[in-house]
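A.B. asks: Dumping the structure here so I can ask a few things about it.
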Amino acid sequence: MRAYLTLVRMNLKMLFRARDVLFWNFAFPVLFMVLIGTAFGTTPGFSAHVGVEGSGAFVSGLVQALHHIKGMKVSVLASGGIEALKAGHIDVLVHSANHHIDLYRTNASTSQSVSSIVLGTVMSMNLQVLHQPLLFHPIVHQISMQGTSYIDFLAPGILGMTLMNTGLFSGTMLITHRSQGILRRIRGTPLSTGIFIGARITTQMLIALVQAALILMLAREVYHFTPVGNLWSLIPLLIIGELAFMTIGFFIAGVANTMEVAAALTNIVSLPMMFLAGVFYPISQLPRFIKPLAQILPLRYLTSGLRAIVVHGTSLAHLGNDFMALAMVTVVCGFLAIKFFRWEMPHV
Amino acid sequence: MAPVIEVINAVKEFNGVRALDGLSLTVNSGQVVAILGPNGAGKTTLLEILEGLQRLNRGEARVLGYDVGRESREVKERIGISLQSTAFFDRLSVEETAELFGSFFSHPQDRRALLRNTGLWELRGRRVSRLSGGQKQRVALALALINDPRLIFLDEPTTGLDPAARREIWSLVERIQQEGRTVILTTHYMEEAAYLADNVVIMDQGKILAEGTVAQLLRDYADQQTVILDGEGLDYLTEPPWNFVEDNGQLFWHVPNLSDQLDSLLSSIRSRGGKIHHLVVQEATLEDVFLRLTGRRLVS
Chain A
12 MRAYLTLVRM
22 NLKMLFRARD
32 VLFWNFAFPV
42 LFMVLIGTAF
52 GTTPGFSAHV
62 GVEGSGAFVS
72 GLVQALHHIK
82 GMKVSVLASG
92 GIEALKAGHI
102 DVLVHSANHH
112 IDLYRTNAST
122 SQSVSSIVLG
132 TVMSMNLQVL
142 HQPLLFHPIV
152 HQISMQGTSY
162 IDFLAPGILG
172 MTLMNTGLFS
182 GTMLITHRSQ
192 GILRRIRGTP
202 LSTGIFIGAR
212 ITTQMLIALV
222 QAALILMLAR
232 EVYHFTPVGN
242 LWSLIPLLII
252 GELAFMTIGF
262 FIAGVANTME
272 VAAALTNIVS
282 LPMMFLAGVF
292 YPISQLPRFI
302 KPLAQILPLR
312 YLTSGLRAIV
322 VHGTSLAHLG
332 NDFMALAMVT
342 VVCGFLAIKF
352 FRWEMPHV
Chain B
152 MAPVIEVINA
162 VKEFNGVRAL
172 DGLSLTVNSG
182 QVVAILGPNG
192 AGKTTLLEIL
202 EGLQRLNRGE
212 ARVLGYDVGR
222 ESREVKERIG
232 ISLQSTAFFD
242 RLSVEETAEL
252 FGSFFSHPQD
262 RRALLRNTGL
272 WELRGRRVSR
282 LSGGQKQRVA
292 LALALINDPR
302 LIFLDEPTTG
312 LDPAARREIW
322 SLVERIQQEG
332 RTVILTTHYM
342 EEAAYLADNV
352 VIMDQGKILA
362 EGTVAQLLRD
372 YADQQTVILD
382 GEGLDYLTEP
392 PWNFVEDNGQ
402 LFWHVPNLSD
412 QLDSLLSSIR
422 SRGGKIHHLV
432 VQEATLEDVF
442 LRLTGRRLVS
């Protein structure tokens, strides 16, 4: 027990002293999230541009009223309104002269909806002038629809991808320790292999928890991601997911002799998963012939499980399939990792 | 007292090549034993068998009374090892490394006292990656002592070190012996074996060719001195009965009981009108023992 705790503590110390490892574990997922989140994550709000030609009480009243509508930009034009409309610089043109009001709109859909807004505004201006009370006055409520914004999809996807990449890397790190002779030296002590590997896994689990907190917090604070599920129930899924990818990494470490070979093998494993396992877009959007392949990718079960909990609030009890799939990967790769485990490079 | 190490007819093969070929060895408590041999002699394999890192194909090996094959955990708990070219975790400090390795044993010794005794106290906060080769080797030696072992294996503790660093390691090894521990070390430096060892074991091709104190080995296998001459009119010495060997303008004469023959050599040269510029008499070394036993030099 003392050996296990000391190993975990020293692993963490080493982690915080290794800038490259820190970068890949924490900074990279954050940067990735910011990059993709900023590019595609936020749904643009309403924005429209109305041009007004003319002057007088009507024009100033209209400009004032339209100014109160969020996302609406109003410009008073001296001339050239039709040209601006045709060129797409404005969505709707209102021309007022001698109590004659013309409204010009185009066949663009924004123009159609903006013209309705302008007409509605003019209508309420009329009622105000007539001092007529409003008979029908609906109160507007806005309800957020869960799972519709891209960030809701992306955040759990990036979390799954991060767990995969860092889990695989942490598993293959055994190669470095082996080629440096550290494993051989440790083997000369009474320490059991199980405790050594167990401490490695534990360290990576702690890292995974921090990664999850970091990614979900970033998504919430910056991109208005609102998780609905019980976030504590993420922990068992994080653990089984991390285990699955670490055992794949340990297996690779057993097969490959150098870190370079391991990196190549890791890419063979991780690249298809990045693009086919529902990280950036749903599996349902994949071409039909690839879908069966996507079904056997371990990451697919991790992302779908994470997404189910975070976005849809699914309880753990209903994620049996995802758990079973990841547990199977862990058992099979764990068996292979043990079978191929080597303390040192083969004698030449 | 039972021997600390007992090896009987040990055979170890790697892919059909015999690294240990029916080797037997007994080591008693408190000795420093140097295993001397060229690369590939099987020194490291022998050590790894005794450390529980490799298993014998045939034969028997007991360390501190335990069978290393079946009771390797018991053995590992009680021995100290320093491997050939070991690395430790680069990003841990010396003291953290000692703490980590100490945690692997049931009864580690106090690491602060250990660091003081091995001259590492000043370096305790330094990262392993920033240590020199000699300092790293001292860390390796300190870690070999972390469990306060009665028996210590050092595999080529000074290979690749400069002479000053080598001296430091030597004094550390002497100190370890003074504490009553048994030390088994491998080396291919004969001066190291001569300086440190109570007993020298000469190995080649997986077998022990000879063992004993340095004095015994010299007496048994290299009871001769070498006369090195250089001068004028001495060429006749390469012929019988003198049989000198010429090499690079110098004449070499390997001769037992030189004191009996020096007189007749000098009077012979005088009578022939030869002239001596330099005369050197070299004592035999373990190198000569090795040459005699194998027909090859230790360091090529």
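Keeping their order, the protein sequence lines are chains A and B.
With the first letter of the first sequence counted as 1, position 93 gets the number 104 in this note's numbering; the numbers rise by one all the way through.
With the first letter of the second sequence counted as 1, position 20 gets the number 171 in this note's numbering; the numbers rise by one all the way through.
The beta-carbon is built from N, C-alpha and C at its ideal position, and this holds for glycine as well.
Quick caveat: nothing in here was measured; it's all calculated off a predicted structure.
1) Taking C-alpha atoms, which residue in Asp411/B, Trp393/B, Val351/B, Gln235/B lies nearest to Thr177/B?
2) Whole angstroms are fine: how far does the CA of Val63/A sit from the CA of Ser127/A?
3) Along the stretch 186-209 of chain B, what residues have a CB closer than 8 Å to any CB found in chain A?
4) Going by DSSP, which residues form a beta bridge with Asp172/B?
5) Please compile the residues from chain B whose C-beta is within a distance smaller than 8 Å of the C-beta of Leu202/A.
6) Can you tell which of Arg28/A, Val290/A, Gly209/A has the C-alpha that lies nearest to the C-alpha of Arg13/A?
7) From the DSSP output, read off the bridge partner residues of Trp404/B.
8) Who are Phe207/A's beta bridge partners in DSSP?
9) Our contact map puts Thr445/B next to Leu369/B with C-beta atoms below 8 Å; I'd like the distance itself, whole angstroms only.
10) Can you name, in chain order, every residue of its own chain whose Cβ lies under 7 Å from the Cβ of Ala293/B, other than the five neighbours on each side?
11) Helix, strand or coil for Glu362/B? Go by DSSP, reduced to three states.
12) Mind reading off the beta-carbon distance from Asn179/B to Val155/B? Whole number of angstroms is fine, and I expect it under 8 Å.
13) Could you tell me if Gly171/A is buried or exposed, where buried requires 16 or more neighbouring beta carbons within 10 angstroms of its beta carbon?
14) With DSSP as the reference, label Met356/A as helix, strand or coil.
15) Please report the straight-line C-alpha distance between Gln222/A and Val290/B, rounded to a whole angstrom.
16) Rounded C-beta distance between Tyr372/B and Arg443/B? I'm assuming under 8 Å.
17) Give the DSSP-derived three-state secondary structure of Asn268/B in the structure shown.
18) Going along the stretch 180-192 of chain A in order, which residues come within less than 7 Å of chain B, judged by CB to CB distance?
19) Jot down the residue ranges of each uninterrupted alpha helix (DSSP H) in the stretch 323-349 of chain A, minimum 4 residues, whole runs only, in chain order.
20) Does Thr237/B come within less than 8 Å of chain A when only Cβ atoms are used?
21) Which same chain residues end up closer than 8 Å to Arg448/B when comparing Cβ atoms and leaving out the 5 residues on each side of it in sequence?
22) Just list the alpha helix (DSSP H) runs in the stretch 51-132 of chain A, keeping only unbroken ones of 4 residues or longer that don't cross its boundaries, in chain order.
23) Going by DSSP, name the residue or residues bridged to Ala212/B.
24) To the nearest whole angstrom, what separates the beta carbons of Val125/A and Ala68/A, a pair I think is in contact under 8 Å?
25) Run the proximity test for Ile218/A: is its beta-carbon closer than 7 Å to any non-hydrogen atom belonging to the ligand FAD?
26) Which partner residues of Asn350/B appear in the DSSP bridge assignment?
27) Val432/B lies in the beta strand (DSSP E); which residues open and close that run?
28) At a cut of 8 Å, does the stretch 279-296 of chain A reach the stretch 191-203 of chain A through at least three beta carbon pairs?
29) Can you pull the DSSP bridge partners for Arg278/B?
30) Whose Cβ in chain A lies nearer than 8 Å to the Cβ of Glu247/B?
31) I'd like the span of the beta strand (DSSP E) that includes Gly231/B, first residue to last.
32) For Phe262/A, name the three-state secondary structure that DSSP assigns.
33) From Val359/A to Asn268/A, what does the alpha carbon distance come to, in whole angstroms?
34) Answer yes or no: does any C-beta atom of chain B fall closer than 8 Å to that of Thr237/A?
35) Indicate whether at least one CB of chain A lies closer than 8 Å to the CB of Glu307/B.
36) Comparing the C-beta of Thr269/A with each C-beta of chain B, is any distance below 8 Å?
C.D. replies: Reading off the structure:
1) Translated into the one-based positions of the second sequence, residue 177/B becomes position 26. Checking every option, the nearest Cα to that of Thr177/B belongs to Val351/B.
2) Position 116 of the first sequence, counted from the first residue, corresponds to residue 127/A. Position 52 of the first sequence, counted from the first residue, corresponds to residue 63/A. One C-alpha to the other measures close to 15 Å.
3) Near chain A, meaning a CB-to-CB distance below 8 Å, the residues of the stretch 186-209 of chain B are Glu202, Gly203, Leu204.
4) Within the second sequence, numbered from 1, the residue matching residue 172/B stands at position 21. Note: Asp172/B sits in a beta bridge opposite Val162/B.
5) On the first sequence, position 191 is the one that residue 202/A refers to. Those are Phe255, listed as they occur along chain B.
6) By 1-based counting over the first sequence, the position of residue 13/A is 2. Per the Cα distances, Gly209/A.
7) Locating residue 404/B in the second sequence gives position 253, counting from the first residue. DSSP output for Trp404/B lists Val378/B as bridge partner(s).
8) Within the first sequence, numbered from 1, the residue matching residue 207/A stands at position 196. In the DSSP assignment, Phe207/A forms no beta bridge with any residue.
9) Mapped onto the second sequence, residue 445/B falls at position 294. Mapped onto the second sequence, residue 369/B falls at position 218. Taking C-beta atoms under 8 Å as the contact rule, Thr445/B and Leu369/B fail to qualify, at a distance of about 16 Å.
10) As a first step, residue 293/B must be located in the second sequence, where it is residue number 142. Closer than 7 Å at Cβ, skipping near neighbours: Ala249, Leu265, Leu266, Thr269, Leu271.
11) Here residue 362/B is taken as the residue at index 211 of the second sequence, counted from 1. Looking at Glu362/B - three-state DSSP - the assignment turns out to be strand.
12) For the purposes of this step, residue 179/B is taken as the residue at position 28 of the second sequence. For the purposes of this step, residue 155/B is taken as the residue at position 4 of the second sequence. The Cβ separation is near 6 Å, so the contact holds.
13) The sequence position of residue 171/A within the first sequence is 160, counting from 1. Result: buried.
14) Stepping through the first sequence from its first residue, residue 356/A is reached at position 345. In the structure shown, Met356/A sits in coil (DSSP, three-state: anything other than H, G, I, E or B).
15) The count along the first sequence starts at 1 and reaches residue 222/A at position 211. The count along the second sequence starts at 1 and reaches residue 290/B at position 139. Computed Cα separation, rounded: 36 Å.
16) Locating residue 372/B in the second sequence gives position 221, where the first residue counts as 1. Locating residue 443/B in the second sequence gives position 292, where the first residue counts as 1. Right, their Cβ atoms sit about 5 Å apart.
17) In the second sequence, the residue the question calls residue 268/B occupies position 117. It is helical.
18) So the close ones are Gln191, Gly192.
19) The qualifying runs do not exist here; there are none.
20) The residue given as residue 237/B occupies position 86 in the second sequence. Yes, Thr237/B counts as interfacial toward chain A.
21) Residue 448/B sits at position 297 when you count from the first residue of the second sequence. Only Glu438, Phe441, Leu442 meet the Cβ criterion.
22) Annotation: the stretch 51-132 of chain A contains the following complete segments of the alpha helix (DSSP H) (minimum length 4 residues), in chain order: 68-78, 92-98.
23) Position 61 of the second sequence, counted from the first residue, corresponds to residue 212/B. Answer is Val158/B, bridged to Ala212/B.
24) Position 114 of the first sequence holds residue 125/A. Position 57 of the first sequence holds residue 68/A. At roughly 23 Å, the Cβ-Cβ gap does not stay under 8 Å, so Val125/A and Ala68/A are not in contact.
25) The ligand FAD is not among the ligands present in this structure, which contains no ligands whatsoever.
26) Within the second sequence, residue 350/B is the residue found at index 199, counting from 1. Val184/B, per the DSSP bridge assignment.
27) Stepping through the second sequence from its first residue, residue 432/B is reached at position 281. Segment 426-433, the beta strand (DSSP E) holding Val432/B.
28) No, the stretch 279-296 of chain A is not in contact with the stretch 191-203 of chain A.
29) Your numbering for residue 278/B matches position 127 in the second sequence. DSSP output for Arg278/B lists Ser244/B as bridge partner(s).
30) What you label residue 247/B is simply residue 96 of the second sequence in a count that begins at 1. Within chain A, the residues near Glu247/B are Met21, Lys24.
31) As a first step, residue 231/B must be located in the second sequence, where it is residue number 80. It spans 230-233 - the beta strand (DSSP E) in which Gly231/B sits, taken as one unbroken run.
32) Here residue 262/A refers to the residue found at position 251 when the first sequence is read from its first residue. Correct three-state label for Phe262/A: helix.
33) Taking the first sequence and counting its residues from 1, the one referred to as residue 359/A is at position 348. Taking the first sequence and counting its residues from 1, the one referred to as residue 268/A is at position 257. Any reading at Val359/A is ruled out, since the residue's pLDDT is 44, under 50, leaving its predicted position unreliable.
34) Here the question's residue 237/A lines up with position 226 in the first sequence. Thr237/A does not count as touching chain B.
35) Counting from one through the second sequence, the residue named residue 307/B turns up at place 156. Not closer than 8 Å to any Cβ of chain A, the Cβ of Glu307/B fails to qualify, so no.
36) For the purposes of this step, residue 269/A is taken as residue 258 along the first sequence, with counting starting at 1. No, no contact with chain B.
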